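Those protein sequence lines, which keep their order, are chains D and W. Using numbering that gives the first Met the number 0, the letters of the first sequence map in sequence onto residues 0 to 167. Using numbering that gives the first Met the number 0, the letters of the second sequence map in sequence onto residues 0 to 140. Report on the structure given below.
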Amino acid sequence: MKNRSKKTRGILYFLIAVILVYIILAFINFNLFLSSLKFFCNLIIQIVPILILVFILMVIANYFITPKFITKHFKEPGIKKWIFIIIGGILSTGPIFMWYPLLAELKEKGIGYGYLATFLYNRAIKIPLLPIAIFYFGLKYVVVLTIVMIFISIIQGIIINRILPLER
Amino acid sequence: MIIDKLKKSAIKSFKSLYKMLPLILGVLLLVSLIPVLIPKSFYLRFFQKNPILDSVTGSIIGSISAGSPITSYILGGEFLKDGVSLTAVTAFIVAWVTVGIIQLPAESLILGKKFAIIRNATSFLFAIIVALITVFLLNVM
């Protein structure tokens, strides 16, 4: 309980600190302040649909991912678990921080840190953005990079699972 | 029964998201400052046309940057046109999407400081390794 209120306070201090930076910027350079604010408004417009998607996925996760489900599908380390985490990471959209609440819940439900790291790493592979990447770097490059990144994400997951075992 | 369970899940999810709202707003405000304060010319002067050193530089710049991956593809494409090595550009775009220095405070608060530091540090190193392996494989193929 104490930790939770400390966390809430930390989040509020963080927001206040960022707002203070904006206020200082407005005094130093008002044009830069306006440009940042415009960028922020555009981001908000882009992010609202992603937030809705995140909410839906959180509801699905809360509905299906029960401790029973975890015991059934995630307790035994195996290739299926890695495939699930990798596909989940690739299919997730939007900025990383939008997924923190969901990941925090998964962690509470007993999913190891390494799997969370693998999920986050695979978020770098964005299927809707692949055409743009192919346009700039070519199909061969994008295919090789994607395969290497998936492989490395598993290595990172294994390393983090070893360094940071989940406290029970 | 199903509706009740679904309702409970929705309320729980809404509460979690609601609590995160100030954090999401703070990160968005911070992310909005970066492209305005750091122009493209700032990035370019750090590349020395040495693939190994440039991949480290690419990973550092990618790590401190934030925003949509599209921006990293566009910037990376421009760097490549300007003669920056493919290894450096790969490290740059991989670090851009896998390392989140800007989001580090948020990640620490939600998932734990130790996890956030280890994940970002390994992602930084892996951006260089991914770049070296990718370019090596492309040359071999």
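Think of the CB as a built atom: it goes at the ideal place given N, C-alpha and C, for glycine as much as any other residue. As the structure is a computational prediction, the values presented were derived from the model and not from experiment.
So the candidates are the options; which of them puts its Cα closest to the Cα of residue i?
{"i": "D:I151", "options": "D:L138, D:A132, D:I131, D:A123", "result": "D:A123"}
{"i": "W:L52", "options": "W:A90, W:P68, W:L16", "result": "W:A90"}
{"i": "D:L52", "options": "D:G111, D:L101, D:G77, D:I153", "result": "D:L101"}
{"i": "D:K153", "options": "D:Y135, D:Y120, D:K139", "result": "The question names Lys, but residue 153 of chain D is Ile in the sequence shown. Closest option to D:I153, Cα to Cα, is D:Y120."}
{"i": "D:I158", "options": "D:P130, D:Y112, D:I86", "result": "D:Y112"}
{"i": "D:I10", "options": "W:L5, W:A120, W:L79, W:L20", "result": "W:L20"}
{"i": "D:L129", "options": "W:L24, W:V26, W:I92", "result": "W:I92"}
{"i": "D:F136", "options": "W:E77, W:I23, W:I59", "result": "W:E77"}
{"i": "D:Y114", "options": "D:T145, D:I131, D:K37, D:I149", "result": "D:I149"}
{"i": "D:I133", "options": "W:I73, W:Q47, W:V139", "result": "W:I73"}
{"i": "D:P164", "options": "W:A126, W:V129, W:I117", "result": "W:I117"}
{"i": "W:S54", "options": "W:V129, W:V139, W:N138, W:L137", "result": "W:V129"}
{"i": "W:S62", "options": "W:L137, W:I127, W:F123", "result": "W:F123"}
{"i": "W:I153", "options": "W:A126, W:L103, W:T121", "result": "Since the first residue shown for chain W is 0 and the last is 140, residue 153 of chain W is missing from the structure and cannot be characterised."}
Which term fits residue i, buried or exposed, when burial requires 16 or more other beta carbons within 10 angstroms of its beta carbon?
{"i": "D:R161", "result": "exposed"}
{"i": "W:M0", "result": "exposed"}
{"i": "D:K125", "result": "buried"}
{"i": "D:F29", "result": "exposed"}
{"i": "D:M0", "result": "In this prediction, D:M0 scores a pLDDT of 47, lower than 50, which makes its location untrustworthy; the coordinate-derived value is nonetheless stated afterwards. With fewer than 16 Cβ atoms within 10 Å of its Cβ, D:M0 is classed as exposed."}
{"i": "D:A116", "result": "buried"}
{"i": "D:Y12", "result": "exposed"}
{"i": "W:R44", "result": "exposed"}
{"i": "D:I85", "result": "buried"}
{"i": "W:L36", "result": "exposed"}
{"i": "W:L32", "result": "buried"}
{"i": "D:F26", "result": "exposed"}
{"i": "D:P48", "result": "exposed"}
{"i": "D:N41", "result": "exposed"}
Is residue i helix, strand or coil when you go by DSSP?
{"i": "D:L101", "result": "helix"}
{"i": "D:L24", "result": "helix"}
{"i": "D:G9", "result": "helix"}
{"i": "D:A123", "result": "coil"}
{"i": "W:L20", "result": "helix"}
{"i": "D:M0", "result": "Any reading at D:M0 is ruled out, since the residue's pLDDT is 47, under 50, leaving its predicted position unreliable."}
{"i": "D:N41", "result": "helix"}
{"i": "W:R170", "result": "With chain W covering 0 to 140 only, the question about residue 170 of chain W has no answer from this structure."}
{"i": "W:D81", "result": "coil"}
{"i": "W:S58", "result": "helix"}
{"i": "W:L209", "result": "Outside the displayed span of chain W (0 to 140) sits residue 209 of chain W, for which this structure offers no information."}
Could you check if residue i belongs to the surroundings of the ligand HEM, using beta carbon to heavy atom distance under 7 Å?
{"i": "W:F45", "result": "For the ligand HEM, the structure offers nothing, since it holds no ligand at all."}
Three-pair Cβ contact test at 8 Å for the region 56–64 of chain D versus the region 11–18 of chain W: yes
How about the region 122–136 of chain W and the region 137–150 of chain D: do they share at least three Cβ pairs that are nearer than 8 Å? yes
Tell me whether the region 101–110 of chain D and the region 101–120 of chain W touch, counting them as touching only if at least three CB pairs, one residue from each stretch, are closer than 8 Å.
yes
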